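Notes for the one structure printed next.
Protein chains: 2
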Amino acid sequence: MGPGKASRILDAAEALLRDFGYRKVTVDEVARRAGIGKGTVYLYWPSKLELFGAVLTRQSAELVTKQLAVVRADPAEVRVHRAMRWAFVEIMGRPLARALHTGDYAMFGDLLTSDGNAGRFFVGKIETTGRYLAILYEHGLLADDPAADPLLPYRLSAAVTGSFLLEAAPGSADFALAQKADALATTLRRAFEPPTEPSPAALRAAADELIDLYRHWLAELTSSLPAEYSHDANLR
Amino acid sequence: MGPGKASRILDAAEALLRDFGYRKVTVDEVARRAGIGKGTVYLYWPSKLELFGAVLTRQSAELVTKQLAVVRADPAEVRVHRAMRWAFVEIMGRPLARALHTGDYAMFGDLLTSDGNAGRFFVGKIETTGRYLAILYEHGLLADDPAADPLLPYRLSAAVTGSFLLEAAPGSADFALAQKADALATTLRRAFEPPTEPSPAALRAAADELIDLYRHWLAELTSSLPAEYSHDANLR
DNA sequence: AACTGACCGAAGAACCAATCTGGTCAGTCA
DNA sequence: TGACTGACCAGATTGGTTCTTCGGTCAGTT
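If you're matching them up, the sequences are chains C and B in order. For the first sequence, position 10 matches number 10 in the UniProt record's numbering, and the numbering has no gaps at all. For the second sequence, position 24 matches number 24 in the UniProt record's numbering, and the numbering has no gaps at all.
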């Protein structure tokens, strides 16, 4: 079987969103590009807002799926500085994810400001980050105990955010993306990880737990997507 | 003698800028608040843009003056994590500086986007940061050699920027300002400073050089302000 | 000589008619 | 029968026009 109808609609919506932004894209345009009638779109999503919300959710699901594969291939990728370095490069390579993380909200219009939509999206991310840190500390991959230091997620967020938002500002194009990713990794390794190199066993154990965490997160993300996305091999 | 006329105009412009933003404030309003005629404003500055540019320059000069005093009182304040912690708290306590650093550009309108104005302002800051880092490394207060690592200023900027910009986003009000400042300090100390505690002699030597650097910077800032600001005791 | 405020043109606000678009639903098609 | 469609509607948006405001000037006042 080829891609389902829902997927084709999401593909069309995603391409148009990338090229013209939420406001300039009409539901009719999306339908025509997907080769269907406008009414059909409303058989799958109750509103334009939900449709494009699904585009973002799918994008997130793709990212999590890919990171899952990366960690499976190399357990050392669980380490904060490796995971964030990977995420930085990956996100910067995706126009949509990039715009989302560099604060380029012109592309999204009301899509994010309208409450409820982006809310759940970010909350899931914050929760997952908290558990991620707990797993790392448990296996000696984090310098500070997240349970004893409630500011740790904030501190990590602050350390990472700068790299993303500087990408939006001009004058940061002086360096290659890989260099900036390395800079972020260096900062994170020193500021959040223990000075000693982790053992392969600890990495393996942490990776196993993280994979489980990501699989649950992925299940949650795909649950609000068309059914065909719930059959991903990673969920088994 | 009381405050000069130029100062009173800047005071009026600053208060109105803080309360209503660049676009909503008229030159006539500034003049009336300062108790003078509109034409008089144009005897001191050639345009509205330059007038409000001077407001920002004065704000910078105040910050540098204050930091100068802080470093004079305690040489340990030259250390990256101390200096940035101080700057973070100080800037967040000043509505104008805060808006400038949290990306709240609604307050500034064309004031920053119009080329040439903000350009020089930020360039001076970048140059000074570069020299600041060189001084620190010279006295063993920095883990990496800025001369060998051209990305260091970028890396520091990225690490600091996040703290400022998270202040603009909602949901960061969960923690006290002092806690967030401490978080920033911790990240910076670990990511940029050597693991060993610096000697008082090194701090003293670095502080002396930094004070000199700041005095030159201050002279540069006040040179584009009305003459009365050039007589600051710190410039002697 | 320092200062002022009436005045000018350009930029922006306010208004309104014409157009567009999110969402619905009666009807078509397979 | 049920998946699908596109004409239709009301509310939002746009574009064009008029009216107002404001940055900057300068002849005149103090």
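We put the beta carbon where it would ideally sit given N, CA and C, even for glycine. For clarity, every value in this text was computed on a predicted model and none was experimentally measured.
Apart from sequence neighbours up to five positions away, no residue of its chain approaches residue 7(B) with a beta-carbon distance below 6 Å. Of all alpha-carbon atoms in 35(B), 20(B), 87(B), 124(B), the one lying nearest the alpha-carbon of residue 221(B) is that of 124(B). By the criterion of at least three beta-carbon pairs nearer than 8 Å, the region 212 to 228 of chain C is in contact with the region 54 to 64 of chain C. Between residue 58(B) and residue 79(C), the alpha-carbon positions lie close to 45 Å from each other.
One thing to note: residue 202(B) has its Cβ no nearer than 7 Å to the Cβ of residue 101(B). Inter-residue distance for residue 52(C) and residue 187(B) is about 37 Å (C-alpha atoms, whole angstroms).
Identification of chain B residues near residue 151(C) by a Cβ-Cβ cut-off of 7 Å yields 175, 179, 183, ordered along the chain.
Pairing residue 175(C) with residue 183(C), the inter-Cα distance amounts to about 11 Å. Among the CB atoms of chain C, none fall inside 7 Å of the CB of residue 133(B). Beta-carbon to beta-carbon, residue 30(B) and residue 12(B) are separated by about 5 Å, close enough to satisfy the 8 Å threshold. Here residue 191(C) is not near residue 143(B), since their CB atoms are 7 Å or more apart.
Think of a sphere of 9 Å around the beta carbon of residue 130(B): no beta carbon from chain C falls inside it, the nearest being about 13 Å out. DSSP places residue 22(C) in the coil class of the three-state scheme, outside both helix and strand.
Residue state for residue 106(B) is assigned as helix, using DSSP reduced to three classes. When the Cα atoms are used, residue 71(C) and residue 208(C) turn out to be separated by approximately 9 Å. Contacts with chain B at 7 Å (Cβ-Cβ) do not include residue 199(C). The beta carbons of residue 206(B) and residue 91(B) sit about 22 Å from each other, so the pair does not count as a contact at 8 Å. Sorting 210(B), 153(B), 28(B), 98(B) by C-alpha distance to the C-alpha of residue 18(B) places 98(B) at the top. Residue 108(C) is classed as buried because its beta carbon has at least 16 other beta carbons within 10 Å across all chains shown. Excluding sequence positions up to five before and after residue 33(B), its CB lies within less than 8 Å of the CB of 12, 15, 16, all in the same chain and listed in chain order. Proximity of chain B to residue 160(C) at the Cβ level (cut-off 7 Å) is accounted for by 162, in chain order. Its chain contains 153 as the residues whose beta carbon lies nearer than 7 Å to that of residue 129(C), once the 5 sequence neighbours on both sides are disregarded; these appear in chain order.
Around the CB of residue 146(B), 16 or more other CB atoms lie within 10 Å, so the residue is classed as buried.
Within the same chain, 213 come within 6 Å of residue 131(B) by CB-CB distance, once the 5 residues on both sides are set aside. A buried status is given to residue 166(C), since no fewer than 16 other beta-carbon atoms sit within 10 Å of its beta-carbon. Within the UniProt domain "HTH tetR-type" (3 to 63) of chain C, no residue has a Cβ lying closer than 8 Å to any Cβ of chain B.
Secondary structure note for residue 78(B): it is in no alpha helix (DSSP H), with a DSSP letter that is neither H nor E.
Shortest Cα-Cα distance from residue 170(C) to any of 113(B), 50(B), 20(B), 82(B) involves 113(B). Counting C-beta atoms within 10 angstroms of its own C-beta, residue 122(B) has fewer than 16 neighbours from the protein chains shown and is therefore classed as exposed. Excluding the 5 residues flanking it on each side, residue 76(B) has same chain C-beta neighbours closer than 7 Å at 82, 203, in chain order. Taking 7 Å as the cut-off, the Cβ atoms of residue 179(B) and residue 151(C) count as close. Not a single C-beta of chain C is nearer than 7 Å to the C-beta of residue 168(B). At a cut-off of 7 Å, the C-beta of residue 165(B) has a neighbouring C-beta in chain C.
Around residue 191(C), the beta-carbon contacts reaching into chain B at under 7 Å are 187, 190, 191. In the three-state reduction of the DSSP assignment, residue 208(C) falls in the helix class.
DSSP, read as helix, strand or coil, puts residue 176(B) in coil.
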